[in-house]
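Residue numbers (our numbering): -9 to 846. Ideal Cβ placement from N, Cα and C applies to all residues, glycine included. Remember, predicted model here, so these are calculated numbers, not experimental data.
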């Protein structure tokens, strides 16, 4: 045992800490091994690339040696000596040489280069049905260009035959929207079945929504035209302002608003044009206040701050704004000089940038040269830079980037009328940079080599401009920076996507809460092809969104290391599978899984479950039934690997956007509200039929059913259930607390097998609305107050449709009794107080710190 460690000498807390320490020690060793493997693989790839080149170079050297010997033989020959007068004449009379060249040119024009014949194409070897389908789907022009001149001789049918017999093996792409190699890489079932990938995509893949292009090409195809706010911060003088406004108006990108932000005494003298919005700040406002006003008043998704008299190229915004189609990109920089159109943009994760290339970056960048994704800036950031001057720009940009990516696009740029010089900087400049570098070392773990390089550059600047007796060590303490330790706080949420469901909404609420606690949070989305914009809008815009498709292209573990993730927090079973594909998997950062019920809805092989039990760092469960896949033969669970954390939600004070009157509901009528996904397992049909029967059997007090949500069956339900009297389908609604305030009762008629800790039930209890819910997962516990009182009625889980419908009717009748409703409502409010998001955030913070703070 290390350091005399003995389990019988420790209490439960100490023993748990020792278990966590051992886990982290194993993770750190796995990471070292993984990185070593990556280096070896890199060297092997480099060798594989260089080896053919070396062989080719050696062959060329041999050819040159043969040529040299032949040349010497010619020069020393009798023929060479006898033709010397002729060569002299040719060199002497240039006109003869020009004439010969013209004749040669004419001769070359007269000769047509024959188109080379293509390979033989075996049409008979092709399946007739597959051949016909591909011939109809192939993009002939796109395919011909990949074949060279002879490809122009092919028609659709012969091009399809070539792809089937030859092109597929060469990974040619038969359509601009389809990449053969990538489709086979992503879809293992197609690869194993031996099905032609393009045919599969044409017949099945498109309908199934399968991805057929690499991430970069998919992003490039998106029609992304965001609104851009160009904000001129501070008026230097009227002439400069006019040049700044003119350079914005001159942009080829048209979806731009122009704002001018300055103190009221300055903007009062400015001639206001119709296309320029002016924002005045209080007298005496500093640069920081103007920046705050710019972010507060800007309406665009992307913001362009203009502080200096620089001249951007006309395509500056158009070239940079396209990169924000990738939801992980938080910032895009142009060149500090004229752009070069053939330059390929470079994308960096913020962590990779600050730990490597930042050491050579411009120490005093002009913020005019970049576009930023606009989001709410935390007040702590404004407070920190309030006392800064020279170092504020990089600090501000680093906080805006958070865990996202930045793009360096030198295809466009800005230029200054005057060359920049290195001014003499006051001591505060170097002290502020000491603070900045220490902050970035704490945030990203900048290595010592990069810190020393930055210190060296600052020293060179200091010594080239300093004229006093002060030495560099008086204004910059390198040792103090090197004593700063990395504080890991970058959490990557591994989620299914942005769609309606508890396993999708809870991570959003938790991530937003963690962001306010100072964590960097990023999302890694398994399926980014079915995004519900209403659900996406719930996520704080400061949180970058990565695609699992992009991660798979480079390898998921390598990807999380490249974005400098400190911990992965998964919320869906399917998102776990790419991380643990085989027994060679190494968990290189702590991997935590919250069980929302998805493991009960899928069947996994025992080998996969064994890998998950072995490699997942910690399981967070909501209900006992979530642990079925972790139990041993005797029913036991690994006590050191599980923890129970109830769900929670942030209470929304907004009223529901529709009133009873607007919905045509009387003030004394009884409202039953459902907020869930529109799928059969959620019981919308049974609820609607129960309401119809209730109103027919006793019309004295009308009962109304409000169905809120979206899902696979929503359109079908709108057509079928929307015709029923007193049933209203309201689609997606984001004000669920407000819905339940208006309703008399919430209904959760679910028979979904993964139901564990329903968020919609929490939202009803938070506002004191009684509930009728299926007795599944933790529902009974959620609806039981500390004194044992119940917040409503329960429905049977294992019942047929008729029995289930009867149970709903009986429960609603019980709920309509005023005395019982009052008792239920009292207990509902008491139960709801347990499920605030602040408690949940605090609980997860404790879990994260178990692994991020432990020393191996």
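Using 7 Å as the threshold, is the C-beta distance between residue i and residue j below it?
i, j, result
"residue 681", "residue 734", "no"
"residue 392", "residue 278", "no"
"residue 164", "residue 153", "yes"
"residue 142", "residue 134", "yes"
"residue 358", "residue 296", "yes"
"residue 920", "residue 502", "The requested residue 920 does not occur in the structure, where the chain is confined to residues -9 to 846."
"residue 755", "residue 698", "no"
"residue 402", "residue 309", "yes"
"residue 400", "residue 330", "yes"
"residue 577", "residue 20", "yes"
My assumption, with CB atoms under 8 Å, is that residue i sits in contact with residue j. Please give the rounded CB distance.
i, j, result
"residue 532", "residue 505", "6 Å"
"residue 895", "residue 833", "With the chain covering -9 to 846 only, the question about residue 895 has no answer from this structure."
"residue 480", "residue 555", "5 Å"
"residue 299", "residue 234", "7 Å"
"residue 606", "residue 583", "5 Å"
"residue 266", "residue 292", "With 8 Å as the limit, residue 266 and residue 292 do not qualify as a contact, their Cβ atoms being about 18 Å apart."
"residue 180", "residue 311", "With a Cβ gap of about 36 Å, residue 180 and residue 311 do not count as contacting."
Whose C-beta lies closer than 8 Å to the C-beta of residue i among residues of the same chain, with five residues either side of it excluded?
i, result
"residue 696", "653, 661, 662, 663, 664, 718, 720, 729, 733"
"residue -9", "Note on residue -9: pLDDT 42, under 50, position unreliable in the model; the coordinate value appears next. Around residue -9: no qualifying Cβ."
"residue 460", "417"
"residue 301", "233, 237, 404, 405, 406, 407"
"residue 650", "656, 657, 659, 661, 732"
"residue 304", "240, 241, 242"
"residue 691", "658, 659, 660, 806"
"residue 634", "610, 611, 612"
"residue 924", "What the structure shows of the chain is the stretch from -9 to 846, and residue 924 is not part of that stretch, so it cannot be assessed."
"residue 624", "none"
Based on Cα-Cα distance, which residue from the options lies nearest to residue i?
i, options, result
"residue 715", "703, 685, 706, 736", "685"
"residue 550", "568, 31, 562", "568"
"residue 561", "571, 622, 616, 598", "616"
"residue 591", "745, 722, 460", "745"
"residue 522", "255, 6, 139, 489", "489"
"residue 726", "509, 644, 687, 507", "644"
"residue 191", "231, 351, 127", "127"
"residue 108", "837, 179, 151, 451", "151"
"residue 548", "23, 793, 398, 166", "23"
"residue 677", "671, 798, 701", "798"
"residue 852", "608, 818, 687", "Lying outside -9 to 846, the shown extent of the chain, residue 852 is not represented and no answer is given."
"residue 747", "771, 37, 455, 14", "771"
"residue 647", "524, 458, 723, 19", "723"
"residue 320", "347, 288, 365", "365"
"residue 326", "340, 370, 398", "398"
"residue 824", "773, 253, 836", "773"
"residue 338", "330, 396, 363", "396"
"residue 762", "801, 768, 775", "801"
"residue 346", "439, 367, 263", "439"
Rounded to whole angstroms, what's the CA-CA distance from residue i to residue j? Just pull it up for me.
i, j, result
"residue 4", "residue 432", "28 Å"
"residue 273", "residue 283", "13 Å"
"residue 119", "residue 110", "21 Å"
"residue 470", "residue 434", "17 Å"
"residue 271", "residue 552", "42 Å"
"residue 244", "residue 559", "40 Å"
"residue 815", "residue 752", "13 Å"
"residue 372", "residue 227", "27 Å"
"residue 98", "residue 146", "Legend: pLDDT at residue 98 = 49, less than 50; position of this residue unreliable, no value from coordinates given."
"residue 588", "residue 594", "11 Å"
"residue -5", "residue 7", "Reliability of the predicted coordinates at residue -5 is poor, the pLDDT of 48 falling under 50, and the value obtained from them is presented with this limitation in mind. C-alpha separation (whole angstroms): 12 Å."
"residue 114", "residue 618", "54 Å"
"residue 46", "residue 53", "11 Å"
Here's a check: name, in chain order, each residue in its chain whose Cβ is nearer than 6 Å to the Cβ of residue i, leaving out the five neighbours to either side.
i, result
"residue 356", "298"
"residue 546", "568, 569"
"residue 382", "375"
"residue 830", "638"
"residue 317", "535"
"residue 257", "268, 270"
Keeping to the same chain, check which residues put their C-beta closer than 7 Å to that of residue i; ignore five residues upstream and five downstream.
i, result
"residue 238", "220, 246, 248"
"residue 486", "493, 494, 516, 517, 562, 564, 565"
"residue 673", "739, 740, 741"
Got a sec: is the Cβ-Cβ distance from residue i to anything in chain D below 7 Å?
i, result
"residue 147", "Reference to chain D is not applicable here, since this structure consists of a single protein chain."
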